[in-house]
Every structure is written in structure tokens, then in C-alpha cells.
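945 is the number that the numbering used here gives the last residue of the sequence shown; the numbers go up by one with no jumps.
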Amino acid sequence: MTGSGSAGRDDARAVTPVLAVVLLIGIVAVAAVGILLVSGDSAGETKDQAETERVKQVFLQFDSDVDSVARSESDERTVRMDLPDETDAAVREETAGRIWINRTNYTTGNTETLADQSIGAVRYTRDDGTTVAYQAGGVWMEEGENTRMVSAPAFSYDADEAGNDPTLTVPIVTTSGDTRLNGGGVRVEKNRTIAPLNDVTVVENDLITLRVKSKWYVGWAEYFRQLTPEGGVTVDHGNNTATMELVVPALAPTVDSGVFSGAANSQLDLKQSNQTVDSYNSSDGPYVSSSSDDGQVAVAGDLVMKQDAKIEGDLEAGGDITFQGSAEVTGNLSNATSMTYKQDKPKEGPPHVDGWVADNASIERRTPVDGYIDLNVGTIRDDNDNPSESDITPGNKLTGCNPCELEAGRYYLDELHLSSGEELILDTTGGQIYLAVNGTVRIENSTTRVRVQGPERANVFVNGVSAGGNPEFQIIQGARWLVEDSSGTRTDAAPQSWVYLDSSGDAKLGQGSTFTGVLYGPGTPTDPGVSINVKQYAAVYGAIVGDVDKITQDTRVHYDRDLRRTEPVTTNVAIPRLTFLHVAVHEVEVEDD
353 MTGSGSAGRD
363 DARAVTPVLA
373 VVLLIGIVAV
383 AAVGILLVSG
393 DSAGETKDQA
403 ETERVKQVFL
413 QFDSDVDSVA
423 RSESDERTVR
433 MDLPDETDAA
443 VREETAGRIW
453 INRTNYTTGN
463 TETLADQSIG
473 AVRYTRDDGT
483 TVAYQAGGVW
493 MEEGENTRMV
503 SAPAFSYDAD
513 EAGNDPTLTV
523 PIVTTSGDTR
533 LNGGGVRVEK
543 NRTIAPLNDV
553 TVVENDLITL
563 RVKSKWYVGW
573 AEYFRQLTPE
583 GGVTVDHGNN
593 TATMELVVPA
603 LAPTVDSGVF
613 SGAANSQLDL
623 KQSNQTVDSY
633 NSSDGPYVSS
643 SSDDGQVAVA
653 GDLVMKQDAK
663 IEGDLEAGGD
673 ITFQGSAEVT
683 GNLSNATSMT
693 YKQDKPKEGP
703 PHVDGWVADN
713 ASIERRTPVD
723 GYIDLNVGTI
733 RDDNDNPSES
743 DITPGNKLTG
753 CNPCELEAGR
763 YYLDELHLSS
773 GEELILDTTG
783 GQIYLAVNGT
793 VRIENSTTRV
803 RVQGPERANV
813 FVNGVSAGGN
823 PEFQIIQGAR
833 WLVEDSSGTR
843 TDAAPQSWVY
853 LDSSGDAKLG
863 QGSTFTGVLY
873 GPGTPTDPGV
883 SINVKQYAAV
893 YGAIVGDVDK
903 ITQDTRVHYD
913 RDLRRTEPVT
923 TNVAIPRLTF
933 LHVAVHEVEV
943 EDD
């Protein structure tokens, strides 16, 4: 028995090495198969990458040759398109894209189409769905859901060495001819060049919009962002479009005077007693603690000063000046070189001008904000924070203002009417407020208040229509529009309160009313702007810009000098600037050779 057990153990030992060898061979075989499979996959991927790179190089050369022909007078050449055999041919598509260039004027709100051009494409799609395409001077690549630019079109956006006169040049290359390019030689021939926009100087307050509709719109958006890195590019995935915006800055210099009035054909009357224009600096404190005689009045047209009307500061006038009685300018008088004086000619020293008199007037032009108002009212109407505020009804009106409070955000109202002790607080603690009123503003009664509170800016856009001869904007019957800090203490900080008015509208500051901020409705050289009427005992802390035809007795305009460092218009800051625009369409024919 003992010997038999020993023999069994010896047999087991003999089998173990054999099994080990078999297992080892199996493992090696499996590993070898795995290596072969991985190697096969890697080889396939490498081949695919090589083929895709080959297609890219073919299209880059095609792009270069087409661009050379397009920019020539009458060139012709043959391009080699040696593409893989997996697909029959490259395809030329007539309707693969379109370019629009539009011009919208903020002043009028009108939009004009400057160019509307089909751009088509020449594309090659591999079996795996990867597409490489030539379109409008650029090469684009689509892999699955990813689209990118391979080679940029020849558009340019440049300025001079000083950064002035930015120019957008848009050469658009279109192709006609055979719809299938079967590889090998492709003949490229110039047909003609059309220049719908050549050396066009775009005017102030114009918004130029360049929009491309394309299968490769994401790549176009990438290109636009490289072209104008400071902003102004949007994408509409639903419509396959990329849009770039360029704006011609409006003439909106800082507000350097308490009263900026009218056009060359207008007249400002300061004819009654106790009319005073002086100044303060809200950065140093409210009016009661920082008032001074550094006010300023700028009048593009004529000025009449009578009785004891007083400007505590400087006067600049572009038209005729009439002084009578004890009317006085405590500072200097700048007049136009061609102006004449009526009745009493001003002289250095009392009774009229305490400072110097010189013919050096230069009234700065300003652009109306009509289109700017329309743009903001329309944008805020479509996208606003009304649902988050219980004080705004579904009908876009305020209700139960005892008080109503709006915090940082964008709000849309069909009208703004407050009376009989109602109160609206515009709390800018968390950021700026943009309030669009697509109707009239009427703040009435001596116990009614609008309070702009906090450190930021409240912007109110009034797009009203006069009803029954009443002004679009009214603060009457002793109502008050104030600027305060977060605790409710008056600061008189005019830069934090802006009301934008249509140049054809009317505004009224009624008897005993108070307005803090800027009423801003400038006109043109021939249209003086919004008509602003300031009644008896009314007070302005800030400035009024428009057609200020009459300021009645016992009124005060306290100019806030802190406005000299505040931009009147802020919406277009993120949109790149533009001065000149050039567009050329180069038509090129491509055919199998």
C-alpha cells in the first residue's frame, strides 16, 4: 500500500509541469491574439488619421489656389485634388450657406441690408462621416458633433497704429461650375468681382451686423471671436448662424454742463427772476455740503438772459446772446466767432460777465438716443426679471407701491404712474437696474417719491407716446425723484440716475418738483431734441440735455460735476468699434479638368 501511494504522488508530479506548459502556451496565445487585435485597431486608426490629414492638405491647397485666382484680374489654373477612393467625389453645393451684412441706425431704428450673398461650399465626406469643406475662403472640418476652423477666410478687422479708424474688409469667394469634382485635376477660373460696398464710411451710431448661416456655423463663430476678441459674437444653434456685431460709436461725450440746450436754430430763455445755475460735486458730498459757483450752461443756439437770472459759472453759446437788466454770468463767456449781440453787449466785468469774453465757443455734438431707447425697450421686453418681482402685475404695471421695490436686474413696464404718496425704490445694491417703460412716466403729488438707492446706476428708457398733449415724462405737483445711499440718506449723486428720452418727445418738471440725475434726450444739429420745460420752484440736481426752451422763475439747476467722468451711454461697450467697411464678392468657376 505504501509503495502504491508513492507511485501516485510521482504521477501527479509528472502531470503538473505538463499542465503548466499548456497553460503558459494558452496565455501566450491569448496575449498574442490580443496584441494582434490591438495592433489591427491601432493600424486602422493610424490609417484613418492619415487619410483625414491627406484630405485636409488637399483642401488647404485648393483654398490657396482659389484665393489666388479670386484676387487676380483674370487668372486660371489647375488644382490637384487627389482624394481617397472611398468616396466617389467632392461635391459642390449651391445652398450650403449665406452671408448677410446689415446696418441698423440707433438714432432712427432703421435697418438696411448692405449685402445678401449665397456662399455655397465644396465638401468631401469620408465613409466615417468626417467632412472637410471649403467655404467663402476658409476650410472647415466636421467630426461627429464637433466643428472647427482649419484655415481662416481672408476677412480682416484692423485699425491704424494709434488704434483709430477700425476697418472691416470682407472678401466673399463664391463658386460655380460642376457639382461633382471627381478628383485629379480641377480647373479654377476667375469670372468677375463685384464690390457692393467699397470704401464705405459708416456713420455714427450705426450697428453693423455680419451674419453667416452655414453647416459649419460653430467654426465661423470661432473665427469671428479670433477676429474681434473684445466681444460682439453670438451663436444661434436653432438657425445654424454665427453673428458678429461692430458699432460706430455714437457721439456721446460726457455731460459737462448743467444745461445743454438745443440745436443752432433753438433758443433758451432765462428771462425771469431768481433763476440760478450753479454746481456741486456729489463725490465730495451732497449739494448742501459741496456747492460752488463752477456751473456751466452750453447752448447751441440763442440765449436770452433778463432780470436777475444768474449762471454761477461759465456760459458757452453758439448763437446770439441777449443780456438785459442785472442778468449775470459769474465765470467766462465763450461765444461763436460769427455771433452777434442783441441789445446790451456783454463785457468783461459786471453787470453781465465777471470773467473773460472770447470767441472760442465749440459746442460738442451729441447723437440722439431714439434708436438706443428702442433697442433697450425691445430687448428688455423680450427678456426681463418681471416674474421675480411681485410688485409688477402680469399686465406689466406696478401695483400697491407703498412702497414698490425693484432690485438689480431688467424690468419692463407699459407705463410708470405714481401718485398720492406712492413710492418706488430702485435698489442698486446688487448691481445696475435697467427699467424700460414702453409708455408714459407720470410722478405726481408732493408726497410721491422715486428713490434711487445704492452705489450702482439706474437706467430708465422711456418710449412713451404723448396722450392728450401731456408730456411723455412728468414729475409734477411737488413730487420728488431722489438719489440716496443704501440707508436712505440723500447723496444727490446724479451719475447713478439716468432717464433716456426720445428726441421728439416732451418732458416736464412741474412746480415745486425735484429731479436728481440726468434727463438725456439730445437732438441733431437741426433738431434740438426732447422739449424740457422747467416750472417755477423746480430743482434739478444733475443735468438736463435736450431742447430746454424755457426755465421759469425761482428755479434752480445744480450741476453735478461728478458727471464729467461718467459715460452717458453704456450698452455698446462690449461691441467692437468700426469706421470703414469694404465688401467684395469674387465669383470663381470650378470644373473637372
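We put the CB at the ideal spot given by N, CA and C, even for glycine. Remember, it's a predicted structure, so these values are computed and weren't measured experimentally.
Taking the alpha carbon of Leu466 as the reference point, which residue from Thr586, Asp944, Val937 has its own alpha carbon closest?
Translated into the one-based positions of the sequence shown, residue 466 becomes position 114. Out of Thr586, Asp944, Val937, the CA that lies nearest to the CA of Leu466 is found in Val937.
Provide the residue(s) that pair with Ser613 in DSSP beta bridges, ordered along the chain.
Counted from its first residue, the sequence shown places residue 613 at position 261. Per DSSP, Val651, Gly898.
Rounded to the nearest angstrom, what separates Pro720 and Tyr476 at their Cα positions?
As a position in the sequence shown, residue 720 is number 368, starting the count at 1. As a position in the sequence shown, residue 476 is number 124, starting the count at 1. Their Cα atoms are separated by approximately 51 Å.
Take the Cβ of Thr430 as the centre, count every other Cβ of all protein chains shown within 10 Å, and call the residue buried at 16 or more, exposed below.
Taking the sequence shown and counting its residues from 1, the one referred to as residue 430 is at position 78. It is exposed - the Cβ of Thr430 has fewer than 16 other Cβ atoms within 10 Å.
Alpha carbon to alpha carbon, how far is Leu778 from Asp735? Give it in angstroms, no decimals.
Here residue 735 corresponds to residue number 383 of the sequence shown, with the count starting at 1. Here residue 778 corresponds to residue number 426 of the sequence shown, with the count starting at 1. When the Cα atoms are used, Asp735 and Leu778 turn out to be separated by approximately 19 Å.
Let me make sure I understand the geometry here. Which of Glu757, Phe867, Ser856, Gly864 has the alpha-carbon closest to that of Thr878?
Sequence index remark: in the sequence shown, residue 878 carries index 526 (1-based). Out of Glu757, Phe867, Ser856, Gly864, Ser856 has the C-alpha closest to the C-alpha of Thr878.
Pick from Val649, Thr527, Met433 that is closest to Ile903, judged by C-alpha positions:
Working through the sequence shown from its first residue, we reach residue 903 at position 551. Closest option to Ile903, Cα to Cα, is Val649.
As a quick exercise: from Ala615, Leu770, Tyr764, Val474, pick the residue whose alpha carbon is nearest that of Cys756.
One-based indexing of the sequence shown puts residue 756 at position 404. It is Leu770 whose Cα lies nearest to the Cα of Cys756.
Closer than 7 Å by C-beta to Thr745: which residues in its own chain qualify, once you throw out the five before and the five after it? Chain order, please.
Counting from 1 along the sequence shown, the entry for residue 745 is found at position 393. Here the set comprises Thr751.
Taking the alpha carbon of Phe411 as the reference point, which residue from Gly490, Gly481, Gln401 has its own alpha carbon closest?
To locate residue 411, count along the sequence shown from 1; it is residue 59. Phe411 has its Cα closest to that of Gly490, out of Gly490, Gly481, Gln401.
If we count the other Cβ atoms within 10 Å of its Cβ and call it buried at 16 or more, is Val640 buried or exposed?
Within the sequence shown, numbered from 1, the residue matching residue 640 stands at position 288. By the 16-neighbour rule on beta-carbons within 10 angstroms, Val640 is exposed.
Within the same chain, show all residues whose beta-carbon is closer than 8 Å to that of Leu824, passing over the 5 residues directly before and after it, in chain order.
Translated into the one-based positions of the sequence shown, residue 824 becomes position 472. Before going on, a small fix: residue 824 reads as Glu here, not Leu. For Glu824, where only same-chain residues beyond five positions count, the Cβ hits under 8 Å are Thr792, Val793, Val814, Gly816, Val817, Ser818, Leu853, Asp854, Gly857, Asp858, Ala859.
With distances taken from CA atoms, which of Ala594, Thr628, Asn591 is nearest Gln888?
The residue given as residue 888 occupies position 536 in the sequence shown. For the options Ala594, Thr628, Asn591, the alpha carbon positioned closest to that of Gln888 is the one of Thr628.
With a cut-off of 8 Å on the beta carbons, I'd call Ser686 and Glu664 a contact; round off their distance for me.
Numbered from its first residue, the sequence shown carries residue 686 at position 334. Numbered from its first residue, the sequence shown carries residue 664 at position 312. Going by Cβ atoms, the distance from Ser686 to Glu664 rounds to 16 Å, so no, they are not a contact pair.
Given a cut-off of 9 Å on the beta-carbon distance, is the pair Gly536 and Asp944 in contact?
To locate residue 536, count along the sequence shown from 1; it is residue 184. To locate residue 944, count along the sequence shown from 1; it is residue 592. Taking a C-beta distance under 9 Å as the contact criterion, Gly536 and Asp944 qualify as a contact pair.
Candidates Tyr872, Glu941, Leu933: closest to Val611 by CA position:
The sequence position of residue 611 within the sequence shown is 259, counting from 1. That would be Tyr872, whose Cα lies nearest to the Cα of Val611.
So, Leu559 versus Asn457, is the Cβ gap smaller than 9 Å?
Residue 559 sits at position 207 when you count from the first residue of the sequence shown. Residue 457 sits at position 105 when you count from the first residue of the sequence shown. In this structure, Asn457 lies closer than 9 Å to Leu559 by Cβ.
At 3 residues or longer, and completely inside the region 806-870: list those beta strand (DSSP E) runs for me, N to C.
The qualifying runs are 810-814, 825-828, 832-836, 849-852, 858-861.
Determine which residues share a DSSP beta bridge with Ala448 and list them.
To locate residue 448, count along the sequence shown from 1; it is residue 96. When DSSP reads this structure, Ala448 sits in no beta bridge, so it has no partner.
Residue interval of the alpha helix (DSSP H) (run including Trp572):
If you number the sequence shown from 1, residue 572 lands on position 220. Taken as a continuous stretch (DSSP letters only), the alpha helix (DSSP H) holding Trp572 covers 569-579.
Classification of Trp572 by the beta-carbon crowding that lies within 10 angstroms, buried from 16 upward:
Mapped onto the sequence shown, residue 572 falls at position 220. Classification of Trp572: buried, given that the 10 Å Cβ count is 16 or more.
Looking only at DSSP bridge pairs, what is Val640 linked to?
What you label residue 640 is simply residue 288 of the sequence shown in a count that begins at 1. In the DSSP assignment, Val640 is bridged to no other residue.
Pairwise C-alpha distance: Asn617 and Ser635:
Counting from 1 along the sequence shown, the entry for residue 635 is found at position 283. Counting from 1 along the sequence shown, the entry for residue 617 is found at position 265. In a straight line, the C-alpha of Ser635 is about 36 Å away from that of Asn617.
Would you kindly report the start and end of the unbroken beta strand (DSSP E) that includes Asp621?
Mapped onto the sequence shown, residue 621 falls at position 269. In this chain, the beta strand (DSSP E) harbouring Asp621 covers 619-622.
Helix, strand or coil at Phe932 [DSSP, three-state]
Along the sequence shown, one-based indexing puts residue 932 at 580. Phe932 falls in the strand class under three-state DSSP.
How far does the alpha helix (DSSP H) with Arg733 in it extend, from its first residue to its last?
The sequence position of residue 733 within the sequence shown is 381, counting from 1. In the DSSP annotation of this structure, the continuous segment of the alpha helix (DSSP H) that includes Arg733 starts and ends at 722-734.
Please state whether the Cβ-Cβ distance between Asp844 and Gly894 is less than 9 Å.
For the purposes of this step, residue 844 is taken as the residue at position 492 of the sequence shown. For the purposes of this step, residue 894 is taken as the residue at position 542 of the sequence shown. Contact annotation: Asp844 and Gly894 have beta-carbon atoms nearer than 9 Å.
Grab me the residues of Glu939's own chain with a C-beta within less than 6 Å of its C-beta, minus the 5 sequence neighbours each way, in chain order.
Here residue 939 refers to the residue found at position 587 when the sequence shown is read from its first residue. Result list for Glu939: Thr526, Asn543, Arg544, in chain order.
Under 8 Å, with one C-beta from each stretch per pair, do the region 701-718 and the region 668-679 reach the 3-pair mark?
With three or more CB-CB distances shorter than 8 Å, the region 701-718 counts as touching the region 668-679.
Nearest to Asn684 by CA position, among Val705, Arg563, Ser742, is which residue?
On the sequence shown, residue 684 is found 332 positions in, with the first residue counted as 1. The candidate whose alpha carbon is nearest that of Asn684 is Val705.
Flag this pair as yes or no: are the beta carbons of Ala760 and Gly782 separated by less than 9 Å?
Sequence index remark: in the sequence shown, residue 760 carries index 408 (1-based). Sequence index remark: in the sequence shown, residue 782 carries index 430 (1-based). Going by C-beta atoms, Ala760 is nearer than 9 Å to Gly782.
Please classify Arg917: is it buried, with 16 or more other beta-carbons within 10 angstroms of its beta-carbon, or exposed?
The sequence position of residue 917 within the sequence shown is 565, counting from 1. Exposed: under 16 other Cβ atoms inside 10 Å.
Assuming contact is defined by CB atoms lying nearer than 9 Å, are Gly875 and Asp906 in contact in what I supplied?
Locating residue 875 in the sequence shown gives position 523, counting from the first residue. Locating residue 906 in the sequence shown gives position 554, counting from the first residue. With respect to Asp906, Gly875 sits apart: the two C-beta atoms are not nearer than 9 Å.
Are the beta-carbon atoms of Glu808 and Thr841 separated by less than 9 Å?
Position 456 of the sequence shown, counted from the first residue, corresponds to residue 808. Position 489 of the sequence shown, counted from the first residue, corresponds to residue 841. No, these two residues do not count as a Cβ contact at 9 Å.
Using the rule of at least 16 other Cβ atoms within 10 Å of the residue's Cβ for burial, across every protein chain shown, is Ala547 buried or exposed?
Residue numbering aside, residue 547 sits at position 195 when the sequence shown is read from its first letter. Residue environment analysis places Ala547 among the exposed positions, since fewer than 16 neighbouring C-beta atoms fall within 10 angstroms of its C-beta.
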